[in-house]
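Colleague: Residue numbers (my numbering): 4 to 211. Below you will find the structure I want to go over with you.
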Ligand SMILES: [Zn+2]
Ligand SMILES: [Zn+2]
């Protein structure tokens, strides 16, 4: 009789262990899934920084000058407004770069699906701004040579992001990311084929 009870007790212990292990595995899978959902959410939020209202306004400000190859007036409000938009976008990319770095660290420095998703979403923006930043900085400098554009660390952050994207890009995109690495060269951007245009007449007291 005692032997039977012992066997029953052992059977019950094994069964409860199996149930506990199954529950643990289920909760680990659910937790992994939740973790991955969170990572995708972070990637989506990082991309949003490049398309929010502030980025839209800055892109319009910088893009018009870039694509039309137009000079910046050294008088009035224009230079200050362009400088503000220029740094706003450099800092937006810095924010994206630091977020991407954290995502990458969290996945053991291996680009997982969330990092690849982020890279796919932001690469087109980085490609556009490679030329934009070079050309706008040149125009800002030409518009007032006595007022240097101090953008060193922020530019380095953008360059580091561009380098990081090369790791996950396909071959044609990787080649584009290697274009126009400094201002001693140009790229295939259409702006280089546009005849330079003079600055608009200076405006004073305009809202930024
Ligand atoms: Zn270019
Ligand atoms: Zn360009």
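Glycine residues also receive a C-beta, built at the ideal position from the N, C-alpha and C atoms.
What is the rounded straight-line gap between the Cα of residue 166 and the Cα of residue 23?
Modeller: Looking up residue 166 in the chain shown gives position 163. Looking up residue 23 in the chain shown gives position 20. Each residue's Cα considered, the two are about 47 Å apart.
Colleague: I want to know whether the region 75 to 85 touches the region 197 to 204 - three or more CB-CB distances under 8 Å.
Modeller: Result yes; three or more Cβ-Cβ pairs closer than 8 Å.
Colleague: How about residue 189: is its Cβ closer than 6 Å to a heavy atom in ligand 1?
Modeller: Here residue 189 refers to the residue found at position 186 of the chain shown. Indeed, a heavy atom of ligand 1 lies less than 6 Å from the Cβ.
Colleague: Please name the residue in 118, 139 and 186 whose C-alpha comes closest to that of residue 93.
Modeller: The residue labelled residue 93 in the question sits at position 90 within the chain shown. Among 118, 139 and 186, the Cα nearest to that of residue 93 belongs to 139.
Colleague: Do you know how far the Cα of residue 106 is from the Cα of residue 118?
Modeller: Indexing the chain shown from 1 puts residue 118 at position 115. Indexing the chain shown from 1 puts residue 106 at position 103. Spanning the two alpha carbons is a distance of roughly 7 Å.
Colleague: In its own chain, which residues sit with a C-beta less than 7 Å from the C-beta of residue 189, not counting the 5 before and 5 after it?
Modeller: Here residue 189 refers to the residue found at position 186 when the chain shown is read from its first residue. If we look at residue 189 and ignore the five residues flanking it on each side, its Cβ neighbours are 183 and 195.
Colleague: When you compare each of 87, 101, 83 and 71 to residue 198 by their alpha carbons, which one comes out closest?
Modeller: As a working mapping, residue 198 is identified with position 195 in the chain shown. Ranking 87, 101, 83 and 71 by Cα distance to residue 198 puts 71 first.
Colleague: Identify the continuous alpha helix (DSSP H) that holds residue 73 and give its terminal residues.
Modeller: For the purposes of this step, residue 73 is identified with residue 70 of the chain shown, where counting begins at 1. Taken as a continuous stretch (DSSP letters only), residue 73 belongs to no alpha helix (DSSP H), as it is neither H nor E.
Colleague: Put residue 191 into one of helix, strand or coil per three-state DSSP.
Modeller: Within the chain shown, the letter at position 188 stands for residue 191. If DSSP states are grouped into helix, strand and coil, residue 191 belongs with coil.
Colleague: Residue 138: beta carbon under 6 Å from a heavy atom of ligand 2?
Modeller: Here residue 138 refers to the residue found at position 135 of the chain shown. Within the cutoff, so yes.
Colleague: Buried or exposed: which applies to residue 27, given that a residue is buried once 16 or more other Cβ atoms fall within 10 Å of its Cβ?
Modeller: The residue labelled residue 27 in the question sits at position 24 within the chain shown. Exposed.
Colleague: At what residues does the alpha helix (DSSP H) containing residue 82 begin and finish?
Modeller: The residue you call residue 82 lines up with position 79 of the chain shown. 81 to 109 is the span of the alpha helix (DSSP H), which, as asked, contains residue 82.
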